[in-house]
Amino acid sequence: MFSFLKKKVANNTRKISEALKGEVTLDESRLEDLLFDLEISLIESDVALEVVDKIKDDLKNSLLGKTFERGSDLEEIVKSALRDSLKSMFIDADLVETIKAGKRPFVIAFIGVNGTGKTTTIAKIATAFEKEGLSSVIAACDTYRAGAIEQIEQHAEKLGVRLIKHGPGADAAAVAFDAIEHARAKDKDVVLIDTAGRMDTNVNLMDELKKVVRIAKPNRVIFVGDALTGNAVVDQVLAFNKYASIDGAILTKADADAKGGAAISVAHVLGKPIYYLGTGQEYGDLLKFSGEWFVDELLSE
Numbered sequence: 006m007f008s009f010l011k012k013k014v015a016n017n018t019r020k021i022s023e024a025l026k027g028e029v030t031l032d033e034s035r036l037e038d039l040l041f042d043l044e045i046s047l048i049e050s051d052v053a054l055e056v057v058d059k060i061k062d063d064l065k066n067s068l069l070g071k072t073f074e075r076g077s078d079l080e081e082i083v084k085s086a087l088r089d090s091l092k093s094m095f096i097d098a099d100l101v102e103t104i105k106a107g108k109r110p111f112v113i114a115f116i117g118v119n120g121t122g123k124t125t126t127i128a129k130i131a132t133a134f135e136k137e138g139l140s141s142v143i144a145a146c147d148t149y150r151a152g153a154i155e156q157i158e159q160h161a162e163k164l165g166v167r168l169i170k171h172g173p174g175a176d177a178a179a180v181a182f183d184a185i186e187h188a189r190a191k192d193k194d195v196v197l198i199d200t201a202g203r204m205d206t207n208v209n210l211m212d213e214l215k216k217v218v219r220i221a222k223p224n225r226v227i228f229v230g231d232a233l234t235g236n237a238v239v240d241q242v243l244a245f246n247k248y249a250s251i252d253g254a255i256l257t258k259a260d261a262d263a264k265g266g267a268a269i270s271v272a273h274v275l276g277k278p279i280y281y282l283g284t285g286q287e288y289g290d291l292l293k294f295s296g297e298w299f300v301d302e303l304l305s306e
């Protein structure tokens, strides 16, 4: 994962440290020149422009006017400044611990555009929760897309998880309500709401999403985005956040993402945790995310 960005960052930190050798102090003009290649590399890696600017500002604040002693490990100095900047982009949270500390049933609504792997992600989440001793109920609230109910039903049957469904075209909010009532009656721990994938330009479906959130009152609204879409996922998460206040994100297809910029951008722009990365098609292919792990992975040799 993230091999493209990892290589670019390593090359650029090395270039900057090499260029600093022999310099006692660093002025703004000189630093701006040194950061140019890093800026281009970050943009090529799908890091949003506002995030690139934040990283540059952080590095300037750390390095500008700094006195470098002869023999200093300049590469480590630059890496340390970049590490601090990147780690500041992330807010980490343990979803399982949050659920265990909360009231039952804990309701989670999964939202996002079409084709991101949202339904499969819900099946992975149910699998991960079961390993943590948490029982789940799935609400088949995608009553819009042909075959959607059958798809989530197949996953539920394989996993032995209770599915609450109505027919195609049914009121999605009513399905969510029934699932929550079932969870209360059967003392289940978590309700996983599978909403229809939609574009933010589809006013009717976005209004339906608002209704589902209003009726279900989820404890967490999680945006499921495709890591391979780059900066598009940032636009999507901002658009959806206007209709349903997003509490965190899951990025799918991370195993195929050589760039990694989407994770940095979504975390910073949203200002909420990335809970997991999807890393394959199997139910166990779900990686718990932490900003510290991500940054250490990115800056490791």
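In terms of this note's numbering, the sequence shown opens at residue 6 and continues consecutively. The beta-carbon is built from N, C-alpha and C at its ideal position, and this holds for glycine as well.
Output the residue ranges of the beta strand (DSSP E) runs that lie fully inside the region 173-221 and measure 3 residues or longer, sorted by chain position. Within the region 173-221, the complete beta strand (DSSP E) runs of at least 3 residues are 195-200.
Please work out which residues of its chain come closer than 7 Å, Cβ to Cβ, to PHE294, disregarding the five sequence neighbours upstream and downstream, and give them in chain order. Sequence-distant partners of PHE294 (beyond 5 residues in either direction) whose C-beta falls short of 7 Å from its own C-beta, in its chain, are ILE279, TYR280, TYR281, LEU282.
Check the DSSP bridge columns for PHE228 and list the partner residues they point to. According to DSSP, which records beta bridges pairwise, PHE228 is partnered with ILE116, ALA254.
Per the DSSP calculation, ILE169 is bridged to which residue(s)? ALA144, per the DSSP bridge assignment.
Determine the direct distance from the alpha carbon of ILE227 to that of VAL217, and round the result to whole angstroms. The alpha-carbon atoms of VAL217 and ILE227 are separated by roughly 14 Å.
DSSP puts LYS293 in a beta bridge; with which residues? DSSP lists TYR281 as partners of LYS293.
Could you spell out the range, first to last residue, of the alpha helix (DSSP H) harbouring THR126? Note, THR126: alpha helix (DSSP H), 123-136.
Alpha carbon to alpha carbon, how far is LYS129 from GLU287? Cα atoms of LYS129 and GLU287: separation of roughly 8 Å, rounded to the nearest angstrom.
Report the three-state DSSP secondary structure of PHE7 (helix, strand or coil). Coil.
Of all the options GLY296, SER305, ILE269, ASP301, which has the alpha carbon lying nearest to the alpha carbon of ILE60? It is ILE269 whose Cα lies nearest to the Cα of ILE60.
Report all residues from its chain with a CB closer than 6 Å to the CB of ALA175; omit the five preceding and five following residues, and keep chain order. Within the same chain, ALA175 has close Cβ partners THR148.
Taking the alpha carbon of ASP38 as the reference point, which residue from ILE127, ALA24, SER50, GLU49 has its own alpha carbon closest? Ranking ILE127, ALA24, SER50, GLU49 by Cα distance to ASP38 puts ALA24 first.
If we count the other Cβ atoms within 10 Å of its Cβ and call it buried at 16 or more, is MET5 buried or exposed? Residue coverage of the chain in this structure runs from 6 to 306, which leaves residue 5 outside it and unanswerable.
Opening and closing residue of the alpha helix (DSSP H) in which GLN159 lies: Unbroken alpha helix (DSSP H) run through GLN159: 153-164.
Where PHE299 falls: helix, strand or coil (DSSP): Collapsing the DSSP output to three states places PHE299 in a helix.
My understanding is that ILE157 touches THR206, with C-beta atoms under 8 Å, so please give their C-beta distance in whole angstroms. That belief does not hold up - the Cβ atoms of ILE157 and THR206 are roughly 25 Å apart, past 8 Å.
Judging by CA-CA distance, which residue of ASP252, PRO110, ALA53 is the nearest neighbour of GLU186? The residue with the shortest Cα to Cα distance from GLU186 is PRO110.
Quick one, which of THR132, HIS273, VAL101 has its alpha-carbon nearest LEU291's? Nearest to LEU291 by alpha-carbon distance, out of THR132, HIS273, VAL101, is THR132.
Out of GLU155, VAL56, ASP194, which has the shortest C-alpha to C-alpha gap to LEU106? Rather than Leu, the amino acid found at residue 106 in this sequence is Ala. The shortest C-alpha to C-alpha distance from ALA106 to any of GLU155, VAL56, ASP194 is the one to ASP194.
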